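Asker: Please see the structure below; I have some questions.
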Amino acid sequence: MKNLKVTTVILVMSFIGLTAISCKDAKKENTNEEGSQMEASHDNSDGHHDKEAMHDNSDGHHDEDSDSSTDHTRDIEANTQKNTATTPIIDAYIQIKNALTTDNKNEAAKGGTALVAAFSKFDMSNLTGETHKEYMEILESAKEHAEHIVKSPIDHQREHFEVLSTDINDLVALLGTEKTLYQDSCPMANNGKGAIWLSEVEEIKNPYMGIKMPTCGTIQKQIN
Amino acid sequence: MKVVKKIALVLLVAFVGIQFIPTERNQSDSVPSTDFMLVNNVPENIQKKLQVSCYDCHSNNTQYPWYNKVQPVAWFLEDHIKEGKAELNFNEWDSYSSRRKNSKLKSIISQIEDDEMPLKSYTLIHRDARLSDNEKKIVLDWVSKLKDSL
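Quick mapping for you: the protein sequence lines, in order, are chains A and B. For the first sequence, my numbering assigns the number 1 to the initial residue and increments by one for each residue that follows. For the second sequence, my numbering assigns the number 1001 to the initial residue and increments by one for each residue that follows.
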């Protein structure tokens, strides 16, 4: 029994010892890296600048891609179809929006669950070609954001809601809606870069600022 | 004293025992052509930082220092790798739609800004994965530039 105790002690000591040594090494490396990285970053940022500029000019394909990206929202008036199929999706989105206007995290989470369900019930059998492809991209992104809204604290819910709003906005532009909607914009959201949202009512109720600043924002467009 | 000995013995046996339970290793020899580093023009210092701070859980290849092979650390890591890869896999970057890329870059920025990534529990052991304020700024500036260029 004595031998065992000694062995245990030795094992534990060596384990602690090794951990301590490895931590020390890592720390040393880290400080060295920081020094050299700062220098390296100076060199690189200049070189990178030029390359990036060249890349942008020469690569026309890149620009094409960005048309469907979230930064440039579609022209929402492009589609005047009175589509009823998108209604459950929009209703679930509006549920999240309204919950965020009153800082209600749990209601927003419920809306997230409803949105995931609405997407999985959506019948996409008559979507073809480009429309189908774009719908799939919107679906993938929107579902991911809805899932995060279900499980996140409210500040993260709002961050995901920013991108979700462009997704739903693009969905409405792509497939149309029978509902009357307002595209609103808040210049203060997204760390001052601004963000949009869709609303079913004309009155401004800001989901990004919530109770703090409920009337911040302007109507950009009316749909239907 | 006898009780202490017994407890120590049980702990030791348990510790040795769990070492024999196999874990799934997240390792791959090849880097697919869709990798973030291959499709984007990433400066070397940022490449290195992303590799060390992000790629262990957000790619198909984890670097396993000895302590990552010891249980229960390996289990803890395995879970995070699964979740991390589902959220964002840098190896599959170019297979994401531009809509998704944009949204991922936005999340990368906000996670780093809020100090939520790299995970505290991970940097606790993995000291070189920490981002200093200066490193944070360099990485964030670059990622924001990439996002704007998309």
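Glycine included, each C-beta is placed from N, C-alpha and C at the ideal position. Predicted, not measured: the structure shown is a model, and the values here were computed from it.
A:T218 lies in the alpha helix (DSSP H); which residues open and close that run?
Answerer: The residue labelled residue 218 of chain A in the question sits at position 218 within the first sequence. No alpha helix (DSSP H) contains A:T218, which is instead part of the beta strand (DSSP E) from T218 to I223.
Asker: What residue from B:P1032, B:P1072 and B:T1034 has the CA that sits closest to B:I1125's CA?
Answerer: Within the second sequence, numbered from 1, the residue matching residue 1125 of chain B stands at position 125. Residue B:P1072 is the option with its Cα nearest to B:I1125.
Asker: For B:I1081, which beta-bridge partners are listed by DSSP?
Answerer: Locating residue 1081 of chain B in the second sequence gives position 81, counting from the first residue. Paired residue(s): none; B:I1081 is not in a bridge.
Asker: Check the C-beta distance from A:Y122 over to A:I94 and give it rounded, since I have them as a contact under 8 Å.
Answerer: In the first sequence, the residue the question calls residue 122 of chain A occupies position 122. In the first sequence, the residue the question calls residue 94 of chain A occupies position 94. Note on residue identity: the sequence assigns Phe, not Tyr, to residue 122 of chain A. Not really, about 16 Å apart at Cβ, beyond 8 Å.
Asker: With DSSP as the reference, identify every bridge partner of A:D184, one or two as the case may be.
Answerer: As a working note, residue 184 of chain A is residue 184 in the first sequence. Paired residue(s): A:W197 and A:I219.
Asker: For B:S976, would you say it is in contact with chain A, using Cβ-to-Cβ distances shorter than 7 Å as the test?
Answerer: Lying before the first or after the last residue shown, residue 976 of chain B is absent from chain B, which here runs from 1001 to 1150.
Asker: So within the stretch 82–107 of chain A, which uninterrupted alpha helix (DSSP H) runs reach at least 4 residues, ignoring any that extend past its ends?
Answerer: Scanning the stretch 82–107 of chain A from its first residue to its last, the whole alpha helix (DSSP H) runs of 4-plus residues come out as 87–101.
Asker: With B:L1124 as the anchor, note down where its alpha helix (DSSP H) starts and where it stops.
Answerer: Numbered from its first residue, the second sequence carries residue 1124 of chain B at position 124. Premise fails: B:L1124 is in no alpha helix (DSSP H) and is neither H nor E.
Asker: Would you report the Cα separation of B:S1030 and B:S1132, rounded to the nearest angstrom?
Answerer: As a first step, residue 1030 of chain B is located in the second sequence; it is residue number 30 there, counting from the start. As a first step, residue 1132 of chain B is located in the second sequence; it is residue number 132 there, counting from the start. Roughly 30 Å separates the two Cα atoms.
Asker: Contact check, B:S1028 vs B:N1068 under 8 Å by CB: the rounded distance?
Answerer: Stepping through the second sequence from its first residue, residue 1028 of chain B is reached at position 28. Stepping through the second sequence from its first residue, residue 1068 of chain B is reached at position 68. That pair is no contact at about 16 Å.
Asker: Chain B beta carbons: is any one of them nearer than 7 Å to that of A:E159?
Answerer: As a working note, residue 159 of chain A is residue 159 in the first sequence. With 7 Å as the cut-off, A:E159 counts as an interface residue toward chain B.
Asker: Compare the C-alpha of B:N1091 against each of B:G1017, B:C1057 and B:S1144 and name the closest.
Answerer: Within the second sequence, residue 1091 of chain B is the residue found at index 91, counting from 1. The option with the nearest alpha carbon to B:N1091 is B:C1057.
Asker: Is it the case that the stretch 1019–1028 of chain B contacts the stretch 1074–1085 of chain B, given that we only count it when at least three CB pairs across the two stretches are under 8 Å?
Answerer: yes
Asker: Comparing C-alpha positions only, which one of A:L175, A:I204, A:S199 and A:N191 sits nearest to A:N83?
Answerer: Residue numbering aside, residue 83 of chain A sits at position 83 when the first sequence is read from its first letter. Of all alpha-carbon atoms in A:L175, A:I204, A:S199 and A:N191, the one lying nearest the alpha-carbon of A:N83 is that of A:L175.
Asker: To which residues of the same chain is B:M1037 closer than 6 Å at the C-beta, ignoring the five residues directly before and after it?
Answerer: Walking along the second sequence from the start, residue 1037 of chain B turns up at place 37. Contacts found: Q1047.
Asker: Using the Cα positions of B:K1049 and A:G194, report the straight-line distance between them to the nearest angstrom.
Answerer: The count along the second sequence starts at 1 and reaches residue 1049 of chain B at position 49. The count along the first sequence starts at 1 and reaches residue 194 of chain A at position 194. Looking at the two C-alpha atoms, the distance is approximately 30 Å.
Asker: Verify the CB distance criterion: does A:E137 have a CB-CB separation below 7 Å to chain B?
Answerer: The residue given as residue 137 of chain A occupies position 137 in the first sequence. True, the Cβ-Cβ gap to chain B drops below 7 Å.
Asker: Scan the stretch 163–191 of chain A for residues whose Cβ lies nearer than 7 Å to a Cβ of chain B and list them as they occur along the chain.
Answerer: From the stretch 163–191 of chain A, only V163 have a Cβ closer than 7 Å to chain B.
Asker: Helix, strand or coil, according to DSSP, for A:G176 in the structure here?
Answerer: For the purposes of this step, residue 176 of chain A is identified with residue 176 of the first sequence, where counting begins at 1. If DSSP states are grouped into helix, strand and coil, A:G176 belongs with coil.
Asker: What does the alpha-carbon distance come out to for the pair B:K1136 and A:T128?
Answerer: On the second sequence, residue 1136 of chain B is found 136 positions in, with the first residue counted as 1. On the first sequence, residue 128 of chain A is found 128 positions in, with the first residue counted as 1. The C-alpha of A:T128 is placed about 44 Å away from the C-alpha of B:K1136.
Asker: Using only the alpha-carbon positions, how far apart do A:M124 and A:E137 sit?
Answerer: Numbered from 1 along the first sequence, position 124 holds the residue referred to as residue 124 of chain A. Numbered from 1 along the first sequence, position 137 holds the residue referred to as residue 137 of chain A. Using only the alpha carbons, I get a separation of about 13 Å.
Asker: So the candidates are A:T102, A:C216, A:A146 and A:V150; which of them puts its Cα closest to the Cα of A:I168?
Answerer: For the purposes of this step, residue 168 of chain A is taken as residue 168 along the first sequence, with counting starting at 1. With distances taken between Cα atoms, A:I168 lies closest to A:A146.
Asker: Using 7 Å as the limit for Cβ to Cβ distance, is B:S1095 near chain A?
Answerer: Translated into positions along the second sequence, residue 1095 of chain B becomes position 95. It does not; no Cβ of chain A falls within 7 Å.
Asker: Answer yes or no: does any C-beta atom of chain A fall closer than 7 Å to that of B:S1144?
Answerer: For this step, residue 1144 of chain B is matched to residue 144 along the second sequence. By this cut-off, B:S1144 is not an interface position.
Asker: Are the C-beta atoms of A:S120 and some chain B residue less than 7 Å apart?
Answerer: For the purposes of this step, residue 120 of chain A is identified with residue 120 of the first sequence, where counting begins at 1. Not an interface residue.
Asker: Using only CA atoms, which one of A:L164, A:E178 and A:A109 lies nearest to B:N1102?
Answerer: Position 102 of the second sequence, counting from 1, holds the residue named residue 1102 of chain B. From the listed residues A:L164, A:E178 and A:A109, the smallest Cα separation to B:N1102 is found for A:L164.
Asker: Against chain B, with Cβ distances strictly below 7 Å, would A:S152 count as a contact?
Answerer: Within the first sequence, residue 152 of chain A is the residue found at index 152, counting from 1. Interface annotation, A:S152: not in contact with chain B, CB-CB separation never under 7 Å.
Asker: Compare the Cα-Cα distances from A:V201 to each of A:Y182, A:T87, A:Y135 and A:N104 and report the closest residue.
Answerer: By one-based count along the first sequence, residue 201 of chain A stands at place 201. Cα-wise, what sits closest to A:V201 is A:Y182.
Asker: Cβ closer than 9 Å: which chain A residues qualify as neighbours of B:K1106?
Answerer: In the second sequence, counting from the first residue as 1, residue 1106 of chain B sits at position 106. For B:K1106, the residues of chain A that pass the 9 Å Cβ criterion are T70, E159, E162, V163 and N190, in the order they occur in the chain.
Asker: Classify A:H160: buried if its beta carbon has 16 or more other beta carbons within 10 angstroms, exposed otherwise.
Answerer: Counted from its first residue, the first sequence places residue 160 of chain A at position 160. Per the 10 Å Cβ criterion, buried.
Asker: From B:P1065, B:Q1063 and B:D1141, pick the residue whose C-alpha is nearest to that of B:Y1105; which is it?
Answerer: Counting from one through the second sequence, the residue named residue 1105 of chain B turns up at place 105. Per the sequence shown, the amino acid found at residue 1105 of chain B is Leu instead of Tyr. It is B:D1141 whose Cα lies nearest to the Cα of B:L1105.
Asker: Along the chain, where does the alpha helix (DSSP H) containing A:E147 start, and where does it finish?
Answerer: Looking up residue 147 of chain A in the first sequence gives position 147. Counting along the chain, the alpha helix (DSSP H) containing A:E147 begins and ends at G129 to K151.
Asker: Taking Cβ-Cβ distances below 7 Å as the criterion, which residues of the stretch 1106–1126 of chain B are in contact with chain A?
Answerer: Interface annotation for the stretch 1106–1126 of chain B against chain A: K1106 and S1110, criterion Cβ-Cβ distance under 7 Å.
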